[in-house]
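Please read the structure below before turning to the comments.
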Amino acid sequence: MTFLEGIQEDLIFPIFVYEDEQAYKQSLDSGYMNNSKVFSKNLVNRFEELAQLKISNMLLFGIPKKRDRSGSEAFKKNGVIQIAIQTIRKNFDKKFNILSDVCICQYNTSGHCGVTNGSRESDSQPKYGMRIDNDKTINILGKISLSLCESGTDFIAPSSMMDGQILYLSNLLEKSGFKKVKIMSYSAKHNSCLYSPFRNYNYHSPNFIDKSSYQCNFNNPRESMREILYDIKEGSDWVMIKPSFWYMDLVRLAKDLVDVPLVVQNVSGEYALLKAGSKIDPIDQMEWTVQYLKSLRRAGADKIISYLIFDLLVDFENESTLSV
Numbered sequence: 334m335t336f337l338e339g340i341q342e343d344l345i346f347p348i349f350v351y352e353d354e355q356a357y358k359q360s361l362d363s364g365y366m367n368n369s370k371v372f373s374k375n376l377v378n379r380f381e382e383l384a385q386l387k388i389s390n391m392l393l394f395g396i397p398k399k400r401d402r403s404g405s406e407a408f409k410k411n412g413v414i415q416i417a418i419q420t421i422r423k424n425f426d427k428k429f430n431i432l433s434d435v436c437i438c439q440y441n442t443s444g445h446c447g448v449t450n451g452s453r454e455s456d457s458q459p460k461y462g463m464r465i466d467n468d469k470t471i472n473i474l475g476k477i478s479l480s481l482c483e484s485g486t487d488f489i490a491p492s493s494m495m496d497g498q499i500l501y502l503s504n505l506l507e508k509s510g511f512k513k514v515k516i517m518s519y520s521a522k523h524n525s526c527l528y529s530p531f532r533n534y535n536y537h538s539p540n541f542i543d544k545s546s547y548q549c550n551f552n553n554p555r556e557s558m559r560e561i562l563y564d565i566k567e568g569s570d571w572v573m574i575k576p577s578f579w580y581m582d583l584v585r586l587a588k589d590l591v592d593v594p595l596v597v598q599n600v601s602g603e604y605a606l607l608k609a610g611s612k613i614d615p616i617d618q619m620e621w622t623v624q625y626l627k628s629l630r631r632a633g634a635d636k637i638i639s640y641l642i643f644d645l646l647v648d649f650e651n652e653s654t655l656s657v
């Protein structure tokens with residue numbers, strides 16, 4: 334029996350949709366996660382390729398051409414992800430299960446997941462002195478969520494880690510007639526260096542960003558469990574832990590506490606580590622990926638978000654069997 338049998342429908346592939354072609358090409362120069370990147374005008378061709386690989390679950394992130402302090406491009410009706418969802422629905426109907434990230438960090442000038450009291454570029458704002466406006470941010474997350482629902486998303490995936498965001502969004506969706514749209518919350522999103530490859534090529538200002546005031550602390554597993562349980566109480570259908578590589582103990586702990594699907598995300602830094610490590614043994618590169626994903630399943634992950642999925646499925650297509 335192969336590893337993919339019975340698990341493929343639980344794999345979620347992240348896709349970055351770039352609105353600006355030059356930014357897209359510059360990002361490809363990094364060499365990281367290139368299979369996850371697509372220029373918006375090439376979306377249909379890209380998704381035809383993904384359909385052939387039987388990748389059906391997509392987590393969409395938008396990389397806009399313009400940015401401002403509040404990330405307003407994130408909730409425009411003709412925004413990069415809004416148009417992408419509509420294009421996918423028009424050309425592929427319900428072939429793909431679409432999960433849409435809900436955050437402003439790629440869309441604003443600060444790189445923070447919330448609206449700040451100033452701009453990173455402003456000399457009057459100290460590097461470590463920014464404060465996040467929780468309530469203002471939640472209001473913007475609501476606007477983003479409604480625009481994504483109107484475009485046809487199956488899930489919204491709030492990732493800002495703002496207090497009360499799930500309660501606010503679940504009530505908003507029900508009140509606005511989108512009760513069928515599910516919520517996958519980034520419940521225990523930990524402050525980590527492992528996001529660096531993603532930030533370096535997708536943020537307006539990729540320098541050091543201190544998100545410790547709202548993301549979970551590596552040394553405080555109780556806080557992580559509280560965040561997960563609160564999100565379920567507030568209306569989340571799926572809950573997530575990220576990163577994954579050094580957090581499998583938390584995955585196991587959470588699995589014993591929750592009765593909703595538990596999602597784990599393999600983030601950009603983990604992808605880079607695994608790809609670099611697998612080059613040491615080119616004959617068994619596929620095994621690095623398989624055993625890593627298998628360990629996440631053993632720890633308790635019901636769903637796995639990973640940049641490795643494309644590589645794994647391409648390799649699988651070239652192999653008659655993939656045994657474990």
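Heads up: the sequence shown is residues 334 to 657, going by the numbering used here. We put the beta carbon where it would ideally sit given N, CA and C, even for glycine.
Check whether Y432 and I414 have beta carbons under 9 Å apart: Strictly speaking, residue 432 in this sequence is Leu, with Tyr absent from that position. Contact: no.
Can you tell me whether R400 is buried or exposed? The criterion is at least 16 other CB atoms within 10 Å of its CB, across all chains shown. buried
How would you label K460, buried or exposed, when you count the other beta carbons within 10 angstroms and need 16 or more for buried? Low confidence applies here, because K460 scores a pLDDT of 49, under 50, leaving its location unreliable; read the following figure in that light. With fewer than 16 other Cβ atoms within 10 Å, it is exposed.
Three-state secondary structure assigned by DSSP to Y351: strand
By Cβ distance below 6 Å, which residues in the same chain neighbour S639 in space, the five residues on each side in sequence not counted? N599
Where does M517 sit, in a helix, a strand or coil, going by DSSP? strand
Alpha-carbon to alpha-carbon, C482 and K358: 29 Å
Could you check if E454 is buried or exposed, using at least 16 other CB atoms within 10 Å of its CB as the buried criterion? With a pLDDT of only 45 at E454, under the threshold of 50, the placement of this residue in the model should not be trusted; the figure read from the coordinates follows. Exposed: under 16 other Cβ atoms inside 10 Å.
Let me know if L606 comes out buried or exposed under the rule of 16 or more other beta-carbons within 10 Å of its beta-carbon. exposed
By alpha-carbon positions, which one of L386, C446, S525 and S369 ends up nearest to G602? S525
Are the Cβ atoms of K469 and W571 separated by less than 9 Å? no
Is the distance from the Cβ of N441 to the Cβ of V435 below 9 Å? no
Can you check whether the C-beta of T470 is within less than 9 Å of a C-beta belonging to chain C? Among the chains of the structure shown, chain C does not appear; only one protein chain is present.
For the alpha helix (DSSP H) that P530 lies in, which residues bound it at each end? S529 to N535
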